[in-house]
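**Q** Provided herewith is a single structure, encoded as structure tokens, for subsequent inquiry.
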Amino acid sequence: MVLLHVKRGDESQFLLQAPGSTELEELTVQVARVYNGRLKVQRLCSEMEELAEHGIFLPPNMQGLTDDQIEELKLKDEWGEKCIPSGGAVFKKDDIGRRNGQAPNEKMKQVLKKTIEEAKAIISKKQVEAGVCVTMEMVKDALDQLRGAVMIVYPMGLPPYDPIRMEFENKEDLSGTQAGLSVIKESEAQLWWAAKELRRTKQLSDYVGKNEKTKIIAKIQQRGHGAPAREPIISSEEQKQLMLYYHRRQEELKRLEENDDDACLNSPWADNTALKRHFHGVKDIKWRPK
Numbered sequence: 001m002v003l004l005h006v007k008r009g010d011e012s013q014f015l016l017q018a019p020g021s022t023e024l025e026e027l028t029v030q031v032a033r034v035y036n037g038r039l040k041v042q043r044l045c046s047e048m049e050e051l052a053e054h055g056i057f058l059p060p061n062m063q064g065l066t067d068d069q070i071e072e073l074k075l076k077d078e079w080g081e082k083c084i085p086s087g088g089a090v091f092k093k094d095d096i097g098r099r100n101g102q103a104p105n106e107k108m109k110q111v112l113k114k115t116i117e118e119a120k121a122i123i124s125k126k127q128v129e130a131g132v133c134v135t136m137e138m139v140k141d142a143l144d145q146l147r148g149a150v151m152i153v154y155p156m157g158l159p160p161y162d163p164i165r166m167e168f169e170n171k172e173d174l175s176g177t178q179a180g181l182s183v184i185k186e187s188e189a190q191l192w193w194a195a196k197e198l199r200r201t202k203q204l205s206d207y208v209g210k211n212e213k214t215k216i217i218a219k220i221q222q223r224g225h226g227a228p229a230r231e232p233i234i235s236s237e238e239q240k241q242l243m244l245y246y247h248r249r250q251e252e253l254k255r256l257e258e259n260d261d262d263a264c265l266n267s268p269w270a271d272n273t274a275l276k277r278h279f280h281g282v283k284d285i286k287w288r289p290k
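The sequence shown begins at 1 in full-length UniProt numbering and counts up by one.
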């Protein structure tokens, strides 16, 4: 199995294994699905952290309004009366004005937070350092865990306009958002390796050879965005060590230049009478007043 270290730009994303005989059409779609799936998990974790702190989403026509404005306009949060967290709610106002402030109690909050941490660990970039490959099954497992935690805390479900529910139902609208710029459509995804585009009409082995123990750094890119930057010759850590070595070397040469050329004459090995005094037995004689 060929090991792919998938990156977006210079940033590591995940590891993935595939046979050398894999069609690149299939592999590119697989990489794009895992990549986008990890982004979905990250978006859900971010929104669920807000859910744990401030409750469900307000209706779009009530978001950002003050209590006086809501009362003056006679607006009502009908879903807020239905979607009560298990064990009752604890009021915690959302200063941004996106959520209704009816947060879950401490026990239910911990259910959400613990599940969030577990889901983050599954798709974490630290899996690259640990040598763990991330599969679509692992991404789906993380999504199922998050969905289960929301169902435990909100058995009545979430409002249809809540971004968490929309993510679970694959109805999220990311147009015009920063998160939307990170997503790469499967049909527009491209893989690059060694400054070469891995064309979908070929097999992986056409580029990396028949050795199934090959490890490559593959970069995922949006079609039409050009070739990604080449990998640096040395890593950032190696570059730091190299710079530190040259800095120490320069300091050492600077000290040598500042030393007097005749300073070495005071050293014991430069004393031309040392041998004579040694044979006369007068070596290391010290004179002190009585």
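Here a beta-carbon is modelled for each residue, glycine too, at the ideal position from N, C-alpha and C.
Computed from a predicted model, the values in this text were never measured in an experiment.
(1) For Leu15 versus Val29, is the C-beta distance shorter than 9 Å?
(2) State buried or exposed for Ile96, treating a residue as buried only when at least 16 other CB atoms are found within 10 Å of its CB.
(3) In terms of residue numbering, what span does the alpha helix (DSSP H) encompassing His278 cover?
(4) Based on DSSP bridge pairs, tell me the residues matched to His5.
(5) Please report the Cβ distance between Gly20 and Lys210, rounded to the nearest whole angstrom; I am assuming they are in contact, meaning their Cβ atoms lie under 8 Å.
(6) Taking C-beta to C-beta, are Leu3 and Ile220 nearer than 9 Å?
(7) Are the CB atoms of Val134 and Arg38 nearer to each other than 9 Å?
(8) Under 9 Å between the Cβ atoms of Ile56 and Gln102?
(9) Report buried or exposed for Phe91, applying the criterion of at least 16 other Cβ atoms within 10 angstroms of its Cβ.
(10) Compare the beta carbon distance of Met108 and Ala142 with 9 Å and say whether it is the shorter of the two.
(11) Measuring straight from C-alpha to C-alpha, what distance separates Trp79 and Lys140?
(12) Does the segment 71-88 come within contact of the segment 157-171, defined as at least 3 CB pairs closer than 8 Å?
(13) Measuring CA to CA, which of Gly281, Val41, Ala189 is closest to Glu117?
(14) Nearest by alpha-carbon distance to Pro59: which of Asp67, Arg43, Lys76 is it?
(15) Measuring alpha carbon to alpha carbon, tell me which of Ile152, Asp162, Leu181, Gly88 ends up nearest Glu50.
(16) Could you check which residue in Ala130, Lys113, Val111, Met138 has the C-alpha nearest to that of Ile123?
(17) Quick test of your reading: Leu191 and Val31, contact by CB under 8 Å. State the CB separation rounded to the nearest angstrom.
(18) Buried or exposed: which applies to Phe279, given that a residue is buried once 16 or more other Cβ atoms fall within 10 Å of its Cβ?
(19) Quick one, which of Lys126, Leu44, Gln239, Leu242 has its alpha-carbon nearest Leu174's?
(20) Would you list the one or two residues that DSSP bridges to Glu23?
(21) Residues bridged to Pro159 by DSSP?
(22) Please classify Gln69: is it buried, with 16 or more other beta-carbons within 10 angstroms of its beta-carbon, or exposed?
(23) Given Met1, which residues of its chain have a CB within under 7 Å of its CB, disregarding the five upstream and five downstream residues?
(24) Could you check which residue in Pro104, Asp94, His247 has the C-alpha nearest to that of Ala149?
(25) Are Lys125 and Glu11 close, meaning C-beta to C-beta below 9 Å?
**A** Straight from the coordinates:
(1) Residue 15 sits at position 15 when you count from the first residue of the sequence shown. Residue 29 sits at position 29 when you count from the first residue of the sequence shown. No.
(2) Translated into the one-based positions of the sequence shown, residue 96 becomes position 96. Exposed is the call here.
(3) Sequence index remark: in the sequence shown, residue 278 carries index 278 (1-based). Unbroken alpha helix (DSSP H) run through His278: 274-280.
(4) Counting from 1 along the sequence shown, the entry for residue 5 is found at position 5. According to DSSP, which records beta bridges pairwise, His5 is partnered with Leu15, Ile217.
(5) The residue given as residue 20 occupies position 20 in the sequence shown. The residue given as residue 210 occupies position 210 in the sequence shown. Contact between Gly20 and Lys210 holds: CB atoms are separated by about 6 Å, below the 8 Å threshold.
(6) Taking the sequence shown and counting its residues from 1, the one referred to as residue 3 is at position 3. Taking the sequence shown and counting its residues from 1, the one referred to as residue 220 is at position 220. Their beta carbons are not under 9 Å apart, which means Leu3 does not touch Ile220 by this criterion.
(7) Position 134 of the sequence shown, counting from 1, holds the residue named residue 134. Position 38 of the sequence shown, counting from 1, holds the residue named residue 38. Yes, the pair counts as a contact, with Cβ atoms nearer than the cut-off.
(8) Position 56 of the sequence shown, counted from the start, is the residue given in the question as residue 56. Position 102 of the sequence shown, counted from the start, is the residue given in the question as residue 102. At the C-beta level, Ile56 and Gln102 come within 9 Å of one another.
(9) Position 91 of the sequence shown holds residue 91. Counting every other CB atom within 10 Å of its CB across the protein chains shown gives Phe91 a total below 16, marking it as exposed.
(10) Numbered from 1 along the sequence shown, position 108 holds the residue referred to as residue 108. Numbered from 1 along the sequence shown, position 142 holds the residue referred to as residue 142. Not in contact: Met108 and Ala142 (Cβ atoms no closer than 9 Å).
(11) Position 79 of the sequence shown, counted from the first residue, corresponds to residue 79. Position 140 of the sequence shown, counted from the first residue, corresponds to residue 140. If I take the Cα positions, the gap works out to 28 Å.
(12) Segment contact: the segment 71-88 against the segment 157-171, three or more CB-CB distances shorter than 8 Å; contact assigned.
(13) The residue labelled residue 117 in the question sits at position 117 within the sequence shown. For Glu117, the nearest C-alpha among the options comes from Val41.
(14) As a position in the sequence shown, residue 59 is number 59, starting the count at 1. Looking at Asp67, Arg43, Lys76, the one whose alpha-carbon comes closest to that of Pro59 is Lys76.
(15) Position 50 of the sequence shown, counted from the start, is the residue given in the question as residue 50. Minimum Cα distance to Glu50 is reached at Asp162.
(16) Walking along the sequence shown from the start, residue 123 turns up at place 123. Per the Cα distances, Met138.
(17) Taking the first residue of the sequence shown as 1, we reach residue 191 at position 191. Taking the first residue of the sequence shown as 1, we reach residue 31 at position 31. The beta carbons of Leu191 and Val31 sit about 6 Å from each other, so the pair counts as a contact at 8 Å.
(18) In the sequence shown, residue 279 corresponds to position 279, counting from 1. Its Cβ having fewer than 16 others within 10 Å, Phe279 is exposed.
(19) To locate residue 174, count along the sequence shown from 1; it is residue 174. Nearest in C-alpha terms to Leu174, of all of Lys126, Leu44, Gln239, Leu242, is Leu44.
(20) Taking the sequence shown and counting its residues from 1, the one referred to as residue 23 is at position 23. Bridge partners of Glu23: Gln203.
(21) Start at 1 with the first residue of the sequence shown, and residue 159 comes out as number 159. Looking at the DSSP assignment, Pro159 forms no beta bridge with any residue, so it has no partner.
(22) Taking the sequence shown and counting its residues from 1, the one referred to as residue 69 is at position 69. The residue is exposed, with fewer than 16 neighbouring Cβ atoms inside 10 Å.
(23) Position 1 of the sequence shown, counted from the first residue, corresponds to residue 1. Here Met1 has Gln17, Ala18, Pro19, Glu212 as same chain residues with Cβ atoms under 7 Å from its own Cβ, once five neighbours each way along the sequence are excluded.
(24) In the sequence shown, counting from the first residue as 1, residue 149 sits at position 149. Scanning Pro104, Asp94, His247 for the CA closest to the CA of Ala149 turns up Pro104.
(25) If you number the sequence shown from 1, residue 125 lands on position 125. If you number the sequence shown from 1, residue 11 lands on position 11. Glu11 is positioned such that its CB atom lies closer than 9 Å to that of Lys125.
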